[in-house]
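To keep things clear, I will list the structure first and then write my remarks on it.
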Amino acid sequence: MLTIAFILGAVCVSFGMCQARRYVEQIQNCNWSICDHCHQRLKWWQLIPILGYLLQGGKCVNCHFPITVAYPIGEFLGGGFFIYLFSTFSDLAAIQFGFLLTWLLILALEDFFTQTVSLNLLLGGTCSVLLIFGNRTFNIPLIQIEFWIIVSGSLAILSLNNYFGWADTCLISLFGILFPPITLAVIILIASCGAFITLKFSNQTTLPFIPWLLIGIIVTLLLHLTT
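Have a look at this one:
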């Protein structure tokens, strides 16, 4: 089971990184993965997570351009984290969190490179997550609803005044439905601290916030604060 979990995690990260690149580079009408440099169609064995990178010697077999090491590292970490999910949570919860993290990875990478996210990806993913987390979506305690209204309303006001991104508001509101108030507070705290430190020690005046939200989710999962 753990081997399957590792493979599933590596595949999800590989898929997420590939899809994020397509959104960032606005690659359309392409149903097969291509080389980042020469844009040649990749063979099936080149798409195998981690192993495909090793078989090619870290270079595209067509143009011999180096493949970023981010792919195998990300796939390995994804596989390891999925092992943690399936060994810590129920199979249903692990699958739910795996889907959520894969979707957030695509959004986070797109936000990191462009500081924008695709509306279709954001709204479509939000609806899908709500359905997949149906056991949580339709069983929300009253105190969680009250906390959700306060947080979502406050962030909406900030977004209306251009102090906060609408995509960030949408995601935090989604987290407010999926997780109890203490978990949401920890996610926001981690993301805010990470963003503040980044702004403090860089020359940036704005920065992508979704990557920090993803990190916040990962930390809360590691601390088992999601129930």
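Going by the UniProt record's numbering, the sequence shown runs without a break in its numbering and finishes at 227.
Positions of the beta carbon are idealized from the N, C-alpha and C atoms, including for glycine.
Only a predicted model underlies this, so the values are computations on that prediction, with no experimental measurement involved.
Determine the DSSP secondary structure at residue i, reduced to helix, strand or coil.
| i | result |
| --- | --- |
| Lys-200 | helix |
| residue 230 | Because the chain spans 1 through 227 in this model, residue 230 falls outside it and cannot be assessed. |
| Ile-34 | strand |
| Pro-211 | helix |
| Pro-72 | helix |
Quick check on the DSSP output: the alpha helix (DSSP H) that includes residue i runs from which residue to which?
| i | result |
| --- | --- |
| Ser-90 | Taken as a continuous stretch (DSSP letters only), Ser-90 belongs to no alpha helix (DSSP H), as it is neither H nor E. |
| Met-17 | 2-25 |
| Arg-41 | Note, Arg-41: premise wrong, no alpha helix (DSSP H); not H, not E. |
| Tyr-53 | 51-55 |
| Thr-137 | 134-137 |
| Val-151 | 142-160 |
For residue i, which residues from the same chain have a beta carbon less than 7 Å from its beta carbon, with the 5 sequence-adjacent residues on both sides left out?
| i | result |
| --- | --- |
| Leu-158 | Phe-164 |
| Pro-66 | Gly-58 and Lys-59 |
| Tyr-53 | Ile-67, Tyr-71 and Pro-72 |
| Asn-62 | Cys-35, Cys-38 and Gln-40 |
| Ser-33 | Cys-18, Leu-42 and Leu-47 |
| Val-219 | Ile-190 |
| Ala-156 | Thr-169 |
Within the same chain, show all residues whose beta-carbon is closer than 8 Å to that of residue i, passing over the 5 residues directly before and after it, in chain order.
| i | result |
| --- | --- |
| Ile-217 | Leu-100, Leu-101, Leu-104, Phe-175 and Ile-187 |
| Leu-223 | Val-186 |
| Ala-195 | Leu-207, Phe-209 and Trp-212 |
| Ser-90 | none |
For my contact list, residue i and residue j are in at a C-beta cut-off of 8 Å; report their separation, rounded to the angstrom.
| i | j | result |
| --- | --- | --- |
| Ile-50 | Phe-81 | The Cβ separation is near 14 Å, so there is no contact. |
| residue 265 | Ile-106 | No answer is possible for residue 265: the residues shown for the chain start at 1 and end at 227. |
| Leu-225 | Ile-182 | 7 Å |
| residue 230 | Leu-122 | One cannot answer for residue 230 here, as it falls past the ends of the chain, which runs 1 to 227. |
| Leu-221 | Phe-138 | Contact flag wrong, Cβ pair sits at about 22 Å. |
| Ser-152 | Ser-173 | 4 Å |
| Phe-2 | Ser-87 | The displayed chain sequence assigns Leu, not Phe, to residue 2. Correct: roughly 7 Å between the Cβ atoms. |
| Ile-215 | Ile-190 | 6 Å |
| Cys-170 | Thr-126 | 6 Å |
| Phe-113 | Val-24 | 5 Å |
| Gln-144 | Pro-180 | 6 Å |
Among the residues of its own chain, which have a CB less than 6 Å from the CB of residue i, if the five just before and after it don't count?
| i | result |
| --- | --- |
| Phe-6 | Gly-79 and Ile-83 |
| Gln-115 | Pro-208 |
| Trp-148 | Gly-176 |
| Leu-178 | Phe-133 and Arg-136 |
| Ala-94 | Leu-85 and Phe-86 |
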